[in-house]
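Numbering (this note's numbering), first residue to last: 21 to 362.
Cβ coordinates follow ideal geometry from the N, Cα and C atoms, glycine included.
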């Protein structure tokens, strides 16, 4: 498997991926025209032809047969062209000393606090390929790109996680809250957001804090939770240092997690090595390895070991990265030992 920048030739595979994802993955709409536009914009991004506010670094995972089986992305900055909305979890106190009542009540307030931050986004791996280290490669590879080109991104990174919904696309959080303001199904609102129509959010969302105790129990339970298919992705991000700091998605209530860029484990522990070609030991650690390219970037996961400041990999791994012995790579061990950096 390799991870590389998206290309126009990937569109058919991307559309199939989007259709298999179902509703709730806002940044991967099953709309051919919208996907084609996003691919073109990603190509402009990798051609350095856009400003940071518009940058969309979209990568795909390609198997050895050349089929695209996963997608992952980095947004340069959210909310600089259009407002970026989330709910901020808060608390108000209902108290009366005379009556002996002291009750904290959770609230949801519409917020634009995260505008201007970079985002990890659009993570989706086809169900048939959720095996081995594929998920880790797809999720963590973008952090090596982030480490290499840190100046293109903010000092804090966010990730909106897909919230709870059922097989029919029904969201308990939406049914308990958003539906009363939008009078449309969750899938429709999610689709409109995915194709870039976001003005209705500001026009229709509640302007005052919402007391969560007024919501149905199922809606309350969904706040800050993620879709079962998203739980592995959340665990990977948490292992990288991301945490939930009180923001949730305005549609499905999914957690928004965040981390300081330099504190991300794969950023912090990655190192630059000279590439050496050989035979890694049988029990060599798996490494995420990146050829340090921009428009021609390639990332893969393979057994490797460090010897005299060089990263020793097989010829097959070097070929996947389009590199030769003596070239430089950025790499990080998938096992956080603190010994991977030279």
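- Here DSSP, grouped into helix, strand and coil, assigns residue 355 to coil.
- Within the model, the alpha-carbon separation for residue 99 versus residue 298 is close to 47 Å.
- Comparing C-alpha distances from residue 23 to each of 33, 68, 29 and 82 shows the shortest one belongs to 82.
- Taking all protein chains shown into account, residue 329 has fewer than 16 neighbouring C-beta atoms within 10 Å of its C-beta and is therefore exposed.
- Rounded to whole angstroms, the separation of the alpha carbons of residue 272 and residue 182 is 7 Å.
- Ranked by Cα distance from residue 268, the first of 119, 291, 259 and 104 is 104.
- Nearest to residue 280 by alpha-carbon distance, out of 177, 116 and 317, is 177.
- Taken in chain order, the complete alpha helix (DSSP H) segments of 4 residues or longer contained in the stretch 207-277 are 219-224, 237-242 and 251-259.
- Bounds of the alpha helix (DSSP H) holding residue 201 are 199-202.
- The beta carbons of residue 260 and residue 173 sit no closer together than 8 Å.
- Taking C-alpha positions only, residue 97 is separated from residue 140 by approximately 10 Å.
- An exposed status is given to residue 231, since fewer than 16 other beta-carbon atoms sit within 10 Å of its beta-carbon.
- With fewer than 16 other CB atoms across the displayed protein chains lying within 10 angstroms of its CB, residue 227 is exposed.
- Contact between residue 320 and residue 21 holds: their C-beta atoms lie close to 6 Å from each other, under 8 Å.
- Pairing residue 225 with residue 270 gives a Cβ-Cβ distance under 8 Å.
- Below 8 Å, too few C-beta pairs join the stretch 149-161 and the stretch 232-241 to call them touching: fewer than three.
- In the three-state reduction of the DSSP assignment, residue 182 falls in the coil class.
- Annotation: residue 118 to residue 107 spans about 33 Å, alpha carbon to alpha carbon.
- According to DSSP, residue pairing for residue 114 in a beta bridge involves 123.
- In the structure shown, residue 55 falls within a helical segment according to DSSP collapsed to helix, strand and coil.
- Straight across, the Cα-Cα distance linking residue 30 with residue 88 is about 7 Å.
- Cβ atoms of residue 125 and residue 233 come within 8 Å of each other, at about 6 Å.
- Taking residue 153 as reference, the option from 307, 116 and 289 with the minimal CA-CA separation is 307.
- Around the C-beta of residue 346, fewer than 16 other C-beta atoms lie within 10 Å, and the residue is accordingly described as exposed.
- Within a 10 Å sphere around the beta-carbon of residue 113 sit fewer than 16 other beta-carbons, which makes this residue exposed.
- Just measuring C-alpha positions, the residue of 166, 144, 116 and 49 sitting nearest residue 212 is 49.
- Going by DSSP, residue 336 is part of the alpha helix (DSSP H) stretching over 335-340.
- Membership of residue 171 in any alpha helix (DSSP H) is not indicated, and neither H nor E is assigned to it by DSSP.
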